[in-house]
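Asker: Below is one structure. I have some questions about it.
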């Protein structure tokens with residue numbers, strides 16, 4: 001089937017990668033769309049404040065005019081944007097032959113742009129006070145409301161209610177940042193929640209990472225910003241007569257303690273139903289006994305609009321099994337590991353205390369075992385137990401769900417201090433993560449492969465909480481190494497760009513003037529040690545480069561360019577021979593250690609290479625030449641020091657050392673085939689089992705499949721005995737683990753993402769879907785599928801910025817029926833495997849193409 005010939009309306013309009021966002025403070029937002037019809041030859045963007053005029057192609061803010069380009073991501077270049085303003089926009093695309101199509105009218109709404117009216121307020125307690133502060137404010141509405149927005153920022157976390165109803169469906173707002181440098185504010189449309197007459201605003205503040213009271217090895221309790229939670233809010237009401245009114249935080253607000261008597265994002269929450277003040281956030285409530293508030297200084301000099309997909313409760317899950325241990329203890333199995341919260345609905349004798357404990361494992365007697373995840377907690381495990389909510393019942397029908405903490409768990413143990421009855425209807429788990437859209441899928445004839453990819457996806461999304469984390473229970477830290485090792489798993493499977501743009505801002509906040517970064521970001525100061533080096537903190541280069549590859553968006557590269565330079569320059573200044581051992585090394589290997597001087601130097605080469613490419617893209621020609629030369633010098637130094645040209649082995653010849661050099665293209669061109677062959681030999685000698693840590697796990701499958709050994713890569717990927725990804729799955733894992741050894745005594749989280757490359761490799765190594773850095777965002781697709789003999793069927797689908805790419809094949813004997821679908825306005829180069837050195841290439845246009853391909857590389861087109 002050929003590409004479509006009829007024009008079609010541009011779709012998928014987004015502003016800064018969000019659909020119709022509120023609170024845009026960006027003065028030059030990016031506007032993007034998809035063109036599902038004939039190839040786009042021109043575009044014209046119209047932006048204005050009158051939707052009817054914009055629909056007619058007239059824009060009071062910006063009219064780009066007809067631009068001859070197939071671009072689908074452009075930067076606003078009109079009049080200065082004003083705060084509190086709804087801007088409408090549309091795009092009209094043309095085929096260059098007189099045919100045009102107009103999109104629907106999209107919108108974005110600007111935010112405060114620094115024009116705050118409210119003061120920062122708190123309740124006056126010190127940072128060690130346990131009970132969460134509650135705040136309320138009443139006001140009158142005497143005119144007809146057209147629209148109303150709440151702009152709210154906090155040091156800590158907040159829940160906002162209006163007349164007793166929750167504003168929005170977000171969880172854990174605002175997201176964690178370096179609080180003494182940047183705070184986020186969130187915008188809510190509260191128009192439907194307000195009414196004529198008396199109204200009430202209610203706010204509850206949680207500690208979050210701002211006021212971490214529990215003790216742990218990461219020094220959260222000693223953060224330089226640590227203080228009692230505080231918040232600032234403007235509620236801006238626009239009336240139908242054109243006037244506006246702002247209800248802001250000031251001395252007129254009132255505050256009180258409440259039933260949330262303790263909260264910690266790391267450990268849990270304690271809630272006493274007997275302290276509930278019913279209707280406290282409604283207009284009718286008598287708040288005369290509440291106290292006055294105190295003013296506070298802003299936690300950070302920058303209060304930044306939170307422009308990203310929010311954290312939400314995305315799925316409600318009932319237990320698959322509830323086991324009664326005794327008349328006061330029950331264990332619930334939810335069937336899979338996850339990040340989230342539990343909702344408990346109970347009726348018990350007044351004063352009954354329940355402990356709702358969360359974990360990943362069970363003891364032999366069926367009770368909860370937290371020993372693999374509470375090892376770094378240093379608090380009082382009796383009064384402040386780890387991953388445990390403590391409820392004091394009222395005697396009535398009580399319902400609780402944590403608001404300011406989340407846990408990592410499969411099992412939940414409910415323990416009471418007196419007999420209670422609990423069944424599956426009393427408890428629900430809510431899967432929780434940044435609510436990013438799924439854009440990728442894998443299916444095959446091998447169930448183990450599909451289950452392993454799904455486990456990688458679940459481990460990844462369980463660790464996306466406004467920033468990428470390592471695990472959702474023991475640490476919840478933004479480990480940089482885990483972040484870049486899983487970046488392709490992120491982008492092949494999820495539309496997560498907004499989370500990573502925020503995380504890169506965290507990087508810029510954390511970077512020291514000399515270029516050094518900590519290895520957890522954000523951080524309270526922990527992580528600027530001796531090992532926070534290249535193999536971890538290369539995120540500053542690898543993340544923006546992958547955003548460019550997957551989205552075709554250069555802004556993150558531009559925003560991080562100076563940071564990349566300072567980072568690379570720092571390493572260069574401390575590496576006179578162009579080699580560096582700065583880093584943590586190949587973390588948690590099976591058995592063989594790899595040379596850290598080699599592995600870190602390879603990342604130094606990768607960073608310099610990315611920096612040189614970024615310099616060329618951004619027009620910094622001198623920098624491009626300088627860093628290209630540096631990258632070449634690093635490569636030469638690595639090969640001079642570590643490559644034995646006679647044996648074609650790097651350093652000690654570990655799987656990691658060999659595969660990392662191949663994946664990052666450090667190997668000299670004339671040696672690539674021999675080095676790949678030696679790696680394959682080593683893998684076969686190990687009976688296709690892994691002997692790698694995190695860096696080898698990232699590299700080994702790619703190194704093999706990209707150099708003619710896809711069969712060996714596949715056998716590793718579906719290996720089901722120790723050590724392998726499949727070994728975890730056949731032993732019941734539903735997420736990825738932290739250690740290959742199921743009997744290890746340390747590094748034993750059961751929901752970790754650092755070995756997560758298995759969630760990306762099938763898209764590449766089997767489906768062959770690769771972005772092209774010369775035409776990024778999948779404008780041009782490099783198709784390099786591998787039709788491994790032991791797989792009868794495979795299909796990979798990726799919803800790219802241009803549309804959905806599907807690469808699928810079915811094997812019958814020595815013949816493969818291969819079909820690829822390319823979205824409109826894209827092209828691809830298909831490399832036919834098995835057709836001699838490098839394979840035979842076929843150029844493809846948008847549409848669906850089918851081939852019959854023999855194992856020897858001979859092929860014929862079936863349709864096009």
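In the UniProt record's numbering, the protein residues as written are 1 to 864.
Quick reminder that beta carbons are idealized off the backbone N, C-alpha and C, glycines included.
Could you tell me which residues DSSP pairs with residue 197 in its beta bridges?
Answerer: The bridge partners DSSP lists for residue 197 are 141.
Asker: Do you know whose CA, among 461, 343 and 258, lies nearest residue 276's CA?
Answerer: 258
Asker: With the cut-off set at 9 Å, would you say residue 534 and residue 582 are in Cβ contact?
Answerer: yes
Asker: Can the beta-carbon of residue 13 be found less than 9 Å from the beta-carbon of residue 117?
Answerer: Not a contact, by the Cβ cut-off of 9 Å.
Asker: Got a sec, what are the start and stop residues for the alpha helix (DSSP H) residue 53 sits in?
Answerer: 51-55
Asker: Starting from the C-beta of residue 366, find all residues in its chain whose C-beta is less than 8 Å away, skip the five residues before and the five after it, and write them out in chain order.
Answerer: The residues are 323, 325 and 331.
Asker: Assess, as a yes-or-no matter, whether the segment 427-447 is touched by the segment 778-785 under the definition of 3 or more beta carbon pairs within less than 8 Å.
Answerer: no
Asker: What three-state label does DSSP hand residue 560 in the structure shown?
Answerer: helix
Asker: Under 8 Å Cβ to Cβ from residue 6, same chain only, skipping five residues before and after it: list those, please.
Answerer: Low confidence applies here, because residue 6 scores a pLDDT of 48, under 50, leaving its location unreliable; read the following figure in that light. Counting only Cβ-Cβ distances below 8 Å, and skipping sequence neighbours, we find 37 and 38.
Asker: So which of 457, 693, 711 and 689 has the shortest CA-CA distance to residue 726?
Answerer: The residue from 457, 693, 711 and 689 with its alpha-carbon nearest to that of residue 726 is 689.
Asker: With a floor of 3 residues, list each beta strand (DSSP E) that falls wholly inside the segment 284-308, ordered by position along the chain.
Answerer: 294-296 and 303-305
Asker: Who are residue 249's beta bridge partners in DSSP?
Answerer: According to DSSP, which records beta bridges pairwise, residue 249 is partnered with nothing at all.
Asker: What is the residue span of the beta strand (DSSP E) that residue 408 lies within?
Answerer: 407-416
Asker: Can residue 579 and residue 637 be called in contact, C-beta distance under 9 Å?
Answerer: yes
Asker: Pick helix, strand or coil for residue 739, following the three-state DSSP scheme.
Answerer: coil
Asker: Measuring alpha carbon to alpha carbon, tell me which of 58, 824 and 809 ends up nearest residue 818.
Answerer: 809
Asker: Put residue 262 into one of helix, strand or coil per three-state DSSP.
Answerer: strand
Asker: If we count the other Cβ atoms within 10 Å of its Cβ and call it buried at 16 or more, is residue 281 buried or exposed?
Answerer: Classification of residue 281: buried, given that the 10 Å Cβ count is 16 or more.
Asker: Would you be able to state if there are at least three C-beta pairs under 8 Å between the segment 294-308 and the segment 224-244?
Answerer: yes
Asker: Quick one: residues in its chain with C-beta nearer than 7 Å to the C-beta of residue 756, no 5 flanking neighbours on either side, listed in chain order?
Answerer: Within the same chain, residue 756 has close Cβ partners 456, 459, 460, 485, 486, 489 and 736.
Asker: By the three-class DSSP mapping on this structure, what secondary structure does residue 688 have?
Answerer: Three-state DSSP puts residue 688 in coil, outside helix and strand.
Asker: Starting from residue 604, trace the alpha helix (DSSP H) in both directions and tell me its first and last residue.
Answerer: For residue 604, the enclosing alpha helix (DSSP H) starts and ends at 596-617.
Asker: Among residues of its own chain, excluding the 5 on either side of residue 511, which ones have a beta-carbon nearer than 8 Å to its beta-carbon?
Answerer: 517, 540, 563, 566 and 567
Asker: By alpha-carbon positions, which one of 778, 375, 169 and 477 ends up nearest to residue 745?
Answerer: Closest by alpha carbon: 375.
Asker: I need the straight-line Cα distance from residue 2 to residue 101, nearest angstrom please.
Answerer: Bear in mind that a pLDDT of 38 at residue 2, under 50, signals an unreliable position, so the number given afterwards is only what the model happens to contain. Going from the Cα of residue 2 to the Cα of residue 101 covers about 20 Å.
Asker: Please name the residue in 306, 190 and 551 whose C-alpha comes closest to that of residue 953.
Answerer: Because the chain is modelled from 1 through 864, residue 953 falls outside the range shown and cannot be assessed.
Asker: So which of 85, 159, 812 and 765 has the shortest CA-CA distance to residue 242?
Answerer: Cα-wise, what sits closest to residue 242 is 85.
Asker: What does DSSP give as the partner residues of residue 183 in its beta bridges?
Answerer: Beta-bridge partners assigned by DSSP to residue 183: 303.
Asker: Could you tell me which residues DSSP pairs with residue 62 in its beta bridges?
Answerer: 47
Asker: Mapping the DSSP letters down to three states, classify residue 6 as helix, strand or coil.
Answerer: Summary for residue 6: the model assigns pLDDT 48, below 50, so the residue's position carries little reliability; its value from the coordinates is reported in the next sentence. Three-state DSSP puts residue 6 in coil, outside helix and strand.
Asker: So, residue 444 versus residue 435, is the Cβ gap smaller than 9 Å?
Answerer: No, the pair does not count as a contact, with Cβ atoms beyond the cut-off.
Asker: How long is the line joining the alpha carbons of residue 770 and residue 833, rounded to whole angstroms?
Answerer: 15 Å
Asker: Since residue 334 is in the alpha helix (DSSP H), which residue starts that stretch and which ends it?
Answerer: From DSSP, residue 334 is part of no alpha helix (DSSP H) but of the beta strand (DSSP E) over 329-347.
Asker: Under DSSP, the alpha helix (DSSP H) around residue 447 begins and ends at which residues?
Answerer: 447-462
Asker: Suppose contacts are defined by Cβ-Cβ distances below 9 Å. Is residue 128 in contact with residue 213 by that definition?
Answerer: yes
Asker: Counting beta carbon pairs with one atom in the segment 106-117 and one in the segment 192-199, are three or more of them shorter than 8 Å?
Answerer: no
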